[in-house]
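Take a look at the structure below.
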Amino acid sequence: MKTIFSATAGAVLGSAMIILALVMMNGGESLMLRELVFSLSCNALFCGLCWWPLAKIKSTDNLHFDALAGACLAFAGWFALPLALLKRKSVPHAGKRLLLFGKLSYALPALAFFLLPQIRIAPQMLESPALKLSTVEATPDQDAPNVLLVVVDTLRADVVLDPEVPTPNLDALREDGTWADYAVAPCNQTLPSHLVLLTGFDIEKVGMRGNLSRWPSRSMLADNKCLPIAERYQLAGYNTAAVSTNMLLSSVDEDAGHQAFSDGFDTWHGIHYQTPFVDFLSVIGRHTLMGQILPTRFITFPLNRILFPNDIKHFLPHYKEGERTTNSAIDYLQDLQQDDRPYFMLAQYFDPHSPYIAPSPTRGSIARPDQRPAGYSAAPEDEYFMRVNLRSYCDSESRPDDFLPLSDYLHALYKEEVVYFDQQLGRLLEQSKLGSRETIIVFVSDHGEGFGLYGGVEHGSSLYNEEILVPFIISGPGVAKSNRLSYAPEMIDAVYTMLELSNITTVNVDGQSVVDDAYQTRPAISFKIDHVSVIDGDYKFYASLTYPDDSKPYELIPLTLYNLSTDFDERNNIIDASPEVVSAMRAIIATRMANDLFPHITERELSGKQLQQLGELGYTD
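Numbering-wise, the working numbering comes out as the position in the sequence shown, counting from 1, plus 28.
Laid out in structure tokens, this is it:
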């Protein structure tokens with residue numbers, strides 16, 4: 029009722045403004061009453077026809093938005109429908125002044141229906157599918173543990189150890205298990221890191237170096253005896269379920285034959301685009317001559333950016349996403365704990381990925397209002413523009429005076445999101461303690477986050493430590509308590525350790541077990557599309573990869589070398605003074621790259637929808 033009232037009030041106000049303007053245009057002459065009544069009736073009809081789809085596609089229940097939309101529809105209605113007024117010679121003044129707009133009358137309704145639906149392209153967690161239980165005949169061991177794999181999107185290692193950031197549940201998890209100050213992620217972007225986690229294959233093998241890289245096929249991985257981790261548990265008689273809040277993880281299987289993250293899970297509860305209307309621009313792209321000439325993405329994506337340059341739809345859909353993820357995961361855990369079989373469950377959280385909009389009371393707990401740079405409000409739109417401006421500062425040769433305050437404030441907002449996530453983690457861990465079986469808890473992140481100090485904003489732009497060092501915690505039966513590792517493991521070690529503790533085969537799984545005293549550190553390799561970094565002992569090496577022709581898999585161009593023992597912040601490039609170290613790093617990369625199943629990196633062909641999804645998450649411009 030409030031929505032209807034607000035829209036009606038806006039339409040009345042808009043109509044009143046138009047009437048006033050027309051009266052003034054006629055030099056004070058009054059419009060004929062019958063013409064005025066006719067126009068108002070047509071206007072009301074137009075608003076009624078257009079408001080219904082608009083109410084279905086609008087992004088939020090905002091009364092201000094409803095009133096503004098009503099006013100805009102009223103304005104459009106005046107020039108869209110009173111065609112009879114234009115044909116009447118008895119009213120020359122109004123007719124002449126409306127003639128120009130009347131020529132557009134037939135286009136306005138079409139524009140409303142074809143363009144407005146783009147406002148409501150937002151990710152939503154769909155209703156949880158019914159939990160499916162394993163039908164595999166294998167009988168797991170009576171003492172087989174449950175396994176809960178918690179993957180947090182965009183969580184930096186240093187933040188969870190920051191005394192300024194209260195994370196009591198993560199602190200308790202570390203006390204209950206084995207942990208490292210940080211682990212090294214295989215990539216600074218979402219899809220490659222998750223692919224490593226859910227296949228158990230090293231990053232260089234699958235050839236996926238970024239979200240836009242070519243995606244491995246099921247047949248290619250099968251030929252190389254890669255079995256998805258969830259399927260390994262499934263074949264051992266485990267129930268398998270997943271809750272994922274990153275829409276990219278639920279969209280990979282759109283291309284037939286491609287390895288999907290959901291492979292091996294009895295139940296996969298993901299996130300998708302949910303729109304009440306068909307994406308009309310995509311339809312145009314598929315079924316018109318223009319669409320046959322140009323790829324769909326050249327139609328949908330640029331128009332989306334032109335029509336909605338501020339990309340406001342990026343913000344609020346993610347608000348309280350952690351709570352929804354936890355609720356869904358707990359619902360599944362309650363059902364799984366009632367079954368005789370053990371379970372393997374993935375809980376993938378989107379928090380604290382941008383936008384950094386923590387719900388109350390977490391919001392405002394770290395980022396103080398007086399800390400906010402001048403010219404910005406606490407609105408989600410301004411938080412978006414903060415990140416846009418910070419990125420532009422990083423791209424410019426000189427940085428303004430408010431660069432550091434802006435960076436620090438965004439970092440504080442991010443920390444609030446971490447606090448919020450920790451609260452949700454506590455709820456999940458409490459539920460995992462119930463049931464008759466012991467539970468292995470594995471906690472990692474896919475990558476970190478940057479705030480402009482090294483030139484990168486958010487993630488995907490660099491291989492500095494802030495983007496590739498992530499938390500690493502394992503607890504449960506067979507795991508030493510309060511055990512701080514003296515070395516930095518690789519993310520893939522979490523997969524190997526998890527399988528070994530579960531007595532699940534580790535054949536053709538890369539990595540090592542961190543609960544094994546015989547653990548031997550190896551150089552950790554990370555990718556950023558056409559760049560690579562190696563951490564070996566005290567040194568970190570960074571280089572670019574070029575692919576000149578098919579006769580050579582790649583050419584390596586050294587860029588930086590840091591001694592992390594004395595320069596963990598990566599400020600002092602010593603590459604020119606350390607030729608022997610550079611040579612050793614080259615050899616390490618050559619050895620690892622020899623395992624590449626995709627010897628030539630190419631970008632995959634993306635659909636307009638996939639580009640739109642990546643744009644929603646800030647990966648494309």
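We treat Cβ as the ideally placed atom computed from N, Cα and C, and that holds for glycine.
E444 counts as buried, since at least 16 other C-beta atoms from the protein chains shown sit within 10 angstroms of its C-beta. Of P256, E411, W296, S241, the smallest CA-CA separation from A357 is found for W296. For T354, the secondary structure class from DSSP, reduced to helix, strand or coil, is helix. Shown here for S290: same chain residues with a beta carbon closer than 6 Å to its own, the five before and five after excluded, namely W296 in chain order. Of all alpha-carbon atoms in R415, G403, D230, D423, the one lying nearest the alpha-carbon of R550 is that of D230.
Every alpha helix (DSSP H) stretch that sits fully inside the region 381-453 and reaches 4 residues is listed by chain position as 408-423. Sorting L589, L481, T218 by C-alpha distance to the C-alpha of V472 places T218 at the top. Counting along the chain, no beta strand (DSSP E) covers V234; the unbroken alpha helix (DSSP H) around it starts and ends at 231-234.
Beta bridge pairing from DSSP links P586 with A571. In the DSSP annotation of this structure, Q170 is not part of any alpha helix (DSSP H), being labelled neither H nor E. Nearest Cα to L263 within the set M613, E165, Y412, K253: E165. Approximately 23 Å separates the beta-carbon atoms of A516 and V175; this is outside 8 Å, ruling out the contact.
Taking all protein chains shown into account, A158 has fewer than 16 neighbouring C-beta atoms within 10 Å of its C-beta and is therefore exposed.
Closest by C-alpha distance to M519, out of V193, G228, A172, V485, is G228. With a cut-off of 8 Å on Cβ pairs, the region 243-253 is not in contact with the region 398-405, counting fewer than three such pairs. Annotated three-state conformation of M373 is strand, per DSSP. Taking the Cα of N601 as reference, the smallest distance to any Cα among S510, L589, L456 is reached at L589. K160 has no beta-bridge partner at all, per DSSP. Minimum Cα-Cα distance from E192 among the listed residues Y547, K160, A440, P370 corresponds to A440.
In the same chain as R614, and ignoring 5 residues on each side of it, the C-beta atoms closer than 7 Å to its own belong to L584, in chain order. Here the region 369-377 makes contact with the region 168-185; the two share three or more CB pairs at distances below 8 Å. Spatial neighbours of G480 in its own chain (CB-CB distance under 6 Å, excluding positions within 5 residues in sequence) are listed in chain order as L418, C422, S435. Taking the CA atoms as reference points, M248 sits about 16 Å from I257. Residue range 467-473 is occupied by the beta strand (DSSP E) that includes I469. In the structure shown, S278 falls within a helical segment according to DSSP collapsed to helix, strand and coil. Within the DSSP bridge table, the entry for D564 names Y567 as partners. With a cutoff of 9 Å on beta-carbon distance, R202 and L497 are scored as not near each other.
DSSP, reduced to helix, strand and coil, places A605 within a helical segment of the structure shown. In this structure, T195 places its C-beta atom within 9 Å of the C-beta atom of D450. Per DSSP, reduced to three states, the secondary structure at R184 is coil, with no helix or strand assignment. According to the DSSP assignment, P551 belongs to no alpha helix (DSSP H), since it is labelled neither H nor E. Counting other Cβ atoms within 10 Å of its Cβ, D474 reaches 16 or more and is therefore classed as buried. CA-CA distance, K556 to S464, rounds to 43 Å.
A buried status is given to T353, since no fewer than 16 other beta-carbon atoms sit within 10 Å of its beta-carbon.
Looking at the backbone, the Cα of N216 and that of E155 are separated by about 31 Å. Going by DSSP, T218 is part of the alpha helix (DSSP H) stretching over 218-227.
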